[in-house]
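What follows is a set of notes on a single structure, which appears directly below.
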Amino acid sequence: MKTRKNELSTQYTYCQKAFEPVLLKKMKSEGATGYYKKGIFVTQIVWDGMSFMFPIKAKKKYADFKKGIYLFGMVRKDAKAFLANNPKFKLPKKNPSIYYNPDYTEGYDGAITATDLNHAYWRIAFNLGIISERTYTHGLDDSLKATRLAALSTMGASKKYYMIKNGNLTDEMIAVGGDERIADLYILIRHTCFNYMMDIRKILGDGFLAYKTDCVYYAATPKNKRVVKDYMGKKGLLYKQLV
Amino acid sequence: MAKRKETVYNRILKRFTAINNNLPEEQKLSISKRRKIIKEVILPQYINVPVSKIRVKPLKALIFTEYEKQLPREGCDLNYISPSQYANVNWFEIDEFIRERMPDCIYIRVNAGDRFGKTKIFNTRDYDYNQNGVQIITEKIRPFAESPQRKNRIYPYYSGTQKLRQGKKNDGTPENYFLDMVLYINENPVASTETTKYQLPKTREVNQTKKKIKNLLDERFKELKLKKERKKRARKTLTKNISQVKQKKKKISKSPKSQAASKQSYLKQFNKTVAIIEKQYEKGYISKDKFKLLMQELVSNLKDGGII
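Residue numbers (numbering that gives the first Met the number 0), protein chains in the order written: chain F, 0 to 242; chain E, 0 to 307.
Set out below in structure tokens:
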């Protein structure tokens, strides 16, 4: 995959879906060179510096996403500031996102409870100082869940496009833009979360059953509940007790 | 009858037109464009200058600077313009596309097929929304595109195709080609989309010129978009403030104790909204009719209930 500086898009225009095959046909007849990218919300075709955007999702969902689009800029700005202040930050030890206690492969007979972190990555990003309080508060709205997660996961990530050569869509890909160091911040957030879960596993010992990203399952005893609660409180995390 | 006194504006326009008439066809500017340039660029430099003090040499220099800012000669040649620039235009935006996005020196036709009609081939320099018949086509499309019944609704858009004018040779002469803005309904064009292009030599100069034209057209597109966004924001502000006026009017307390404060808050909002309307009218975000209507509405709202 080739990596290229952002030379693609200068202008963009939103078009209706029916135009997508027409545009591809036109590009074919012109023997044009372009780029193609299919995202969750839009399909993008770039031709001669003009980006043609074709919305995919239902208007309502897209409107919700668009409502919080400013979060991308805020997060990126905060992340850059964080990097400037902590140029030598270290990535934590890597742990899996899902982990089951190997002692309970046959199942667990007793009562089970679970503690789930509220907006885990967002809160951890705030606790680590990657995003500011202002950004954090802006992204708390429930309707912005997808946007804030997207804002964190795409910071520093490059955009990958399929190439259109002589009007034909090819399998060849190019990566545009991206900053690896900023992208590492997302790894930092994720693995900080998994490390917390591993810490809880160690604290709970035999009472620990499993964790899935930001939710830990364990034997439902008052002592275990208190221990988990104390740990999360100490780390400045917000949570809800399930079951 | 006494002769009308010549204004500074008239003197400049006269000089501008004289220069324009002596230029080759592809460099000429339309009267609306000349008026716009005078109003926005030249006239501000002649504030408080009497007509008798206008000197030809500096005025000519100013005018020629404006000509230099225009698209290069090749900008009038469709062979140099990337098809991506005219690949997609909303049916309701065809007017501003012709007026503001395309160069003022190309031949164009709006083609909505037999169902909605088509215009003659005209030069964008002489374009008029009404006179060239674009308005009729748009208004014919409107009931179908904005039909309240979903099943009757169509989703049209225009896409441009470069074609050869009748009886002309495909020899690269800019005047021999025209842009046919063909209407599409869903994926189907209502007229032929067969294109005729002149193969330009693949030299560095040609590429540079193409790039230059692309940048200039991109700049126009950007400006237009900015203008639209500003207008949209202005509309939002206006709606918000007008509804606030109405809300505050409703909230005027009847108890004598808090009536004065609520009235004052209402009047403050009223004045703020009037100022916003005036500012938006000045900036051209709202039309004269709309301005009058809004003002009337506000004032009637003020009188209603005997607040004065």
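C-beta: ideal position from N, C-alpha, C; glycine also.
Enumerated in chain order, which unbroken segments of the beta strand (DSSP E) with a length of 3 residues or greater are wholly contained in the stretch 153-206 of chain F?
Qualifying beta strand (DSSP E) stretches, in chain order: 158-164, 167-175.
Helix, strand or coil for residue 30(E), going by three-state DSSP, please let me know.
When DSSP states are grouped into helix, strand and coil, residue 30(E) belongs to the helix group.
Can you tell me whether residue 122(F) is buried or exposed, with buried defined as 16 or more other CB within 10 angstroms of its CB?
Answer is buried; the Cβ neighbour count reaches 16.
If you scan the stretch 39-115 of chain E from start to end, which runs of the alpha helix (DSSP H) of 4 or more residues do you find wholly inside it?
Counting whole runs of 4 or more residues, the stretch 39-115 of chain E contains the alpha helix (DSSP H) stretches 55-68, 112-115.
Would you say residue 279(E) and residue 237(E) are within 8 Å of each other, going by their C-beta atoms?
Result yes, Cβ atoms of residue 279(E) and residue 237(E) sit closer than 8 Å.
Using a Cβ-Cβ distance cut-off of 8 Å, determine whether residue 84(E) contacts chain F.
For residue 84(E), a Cβ of chain F is located within less than 8 Å of the residue's own Cβ.
Considering residue 11(E), what are the terminal residues of the beta strand (DSSP E) in which it resides?
Residue range 7-20 is occupied by the alpha helix (DSSP H) that includes residue 11(E), with no beta strand (DSSP E) assigned at that position.
In terms of residues, what are the limits of the alpha helix (DSSP H) holding residue 51(F)?
Segment 49-54 is the beta strand (DSSP E) holding residue 51(F); no alpha helix (DSSP H) there.
To test your reading of the DSSP string, which unbroken alpha helix (DSSP H) runs of 4 or more residues are found completely within the stretch 197-282 of chain E?
Counting only runs of 4 or more, we get 203-249, 255-281.
Reference residue 176(F), options 154(F), 228(F), 187(F), 93(F), closest by Cα:
That would be 154(F), whose Cα lies nearest to the Cα of residue 176(F).
Through-space distance from residue 126(E) to residue 33(E), alpha-carbon basis:
Looking at the backbone, the Cα of residue 33(E) and that of residue 126(E) are separated by about 14 Å.
If you draw a straight line from the alpha carbon of residue 73(F) to that of residue 129(E), how long is it in whole angstroms?
Each residue's Cα considered, the two are about 46 Å apart.
Under 7 Å from the C-beta of residue 10(F): neighbouring residues of chain E:
Contact annotation for residue 10(F) against chain E: 217, 220, 221 [CB-CB distance below 7 Å, chain order].
Residue of 218(F), 187(F), 65(F) minimising C-alpha distance to residue 147(F)
For residue 147(F), the nearest C-alpha among the options comes from 65(F).
Determine which residues share a DSSP beta bridge with residue 160(E) and list them.
Answer by DSSP bridge pairing, in chain order: 179(E).
Give me the Cα-Cα distance between residue 230(F) and residue 108(F), rounded to the nearest whole angstrom.
If you draw a straight line from the Cα of residue 230(F) to the Cα of residue 108(F), it comes to about 26 Å.
Counting only the same chain and skipping the five closest in sequence on each side, list residues whose C-beta sits under 6 Å from that of residue 11(F).
Contacts found: 50, 52.
Going by alpha carbons, who is nearest to residue 45(F) out of 161(F), 93(F), 114(F), 83(F)?
Out of 161(F), 93(F), 114(F), 83(F), 161(F) has the C-alpha closest to the C-alpha of residue 45(F).
Proximal residues to residue 109(E) (C-beta, below 7 Å), its chain only, five neighbours per side dropped:
Only 93, 117, 118, 133, 136, 180 meet the Cβ criterion.
Heavy atom of the ligand PLP less than 7 Å from the Cβ of residue 206(E), yes or no?
For the structure depicted, the ligand PLP is absent and the ligand set is empty, with no information on it obtainable.
Hey, quick one: how far does the alpha helix (DSSP H) through residue 136(E) stretch, first residue to last?
Where residue 136(E) is concerned, the enclosing alpha helix (DSSP H) stretches over 133-144.
Between residue 43(F) and chain E, is any beta-carbon pair separated by less than 8 Å?
Judged by the 8 Å Cβ criterion, residue 43(F) is not in contact with chain E.
Is residue 138(F) buried or exposed, if buried means 16 or more other CB atoms sit within 10 Å of its CB?
It counts as buried.
Could you check if residue 186(F) is buried or exposed, using at least 16 other CB atoms within 10 Å of its CB as the buried criterion?
It is exposed - the Cβ of residue 186(F) has fewer than 16 other Cβ atoms within 10 Å.
Inter-residue Cα distance where the pair is residue 106(E) and residue 268(E):
Whole-angstrom Cα-Cα distance: 50 Å.
Against residue 14(F), what residues of chain E qualify as contacts under a CB-to-CB distance less than 8 Å, listed in chain order?
Listed along chain E are 87, 156, each with a C-beta nearer than 8 Å to that of residue 14(F).
Rounded to whole angstroms, what is the Cα-Cα separation between residue 209(E) and residue 77(E)?
Looking at the two C-alpha atoms, the distance is approximately 10 Å.
Any C-beta of chain E under 8 Å from that of residue 106(F):
No, no contact with chain E.
Counting pairs of beta carbons, one from the stretch 158-178 of chain E and one from the stretch 38-47 of chain E, are three or more of them closer than 8 Å?
These segments do not touch.
Which of the residues in the stretch 57-79 of chain F, read from start to end, lie with their CB under 7 Å from any CB of chain E?
Hits within the stretch: zero.
Output the distance between the C-alpha atoms of residue 203(F) and residue 226(F), rounded to the nearest integer angstrom.
Computed Cα separation, rounded: 8 Å.
Please classify residue 141(F): does DSSP put it in a helix, a strand, or coil?
In the structure shown, residue 141(F) falls within a helical segment according to DSSP collapsed to helix, strand and coil.
Would you kindly report the start and end of the unbroken alpha helix (DSSP H) that includes residue 72(F)?
69-84 is the span of the alpha helix (DSSP H), which, as asked, contains residue 72(F).
Skipping 5 residues on each side, what residues in its chain have a beta carbon closer than 8 Å to that of residue 70(F)?
Same-chain partners within the cutoff: 134, 137, 138, 143, 146, 147, 150.
Excluding the 5 residues flanking residue 82(E) on each side, which residues of the same chain have their C-beta closer than 6 Å to its C-beta?
Same-chain partners within the cutoff: there are none.
Grab the span of the beta strand (DSSP E) containing residue 33(F) for me, first residue to last.
DSSP places residue 33(F) inside the beta strand (DSSP E), whose first and last residues are 33-37.
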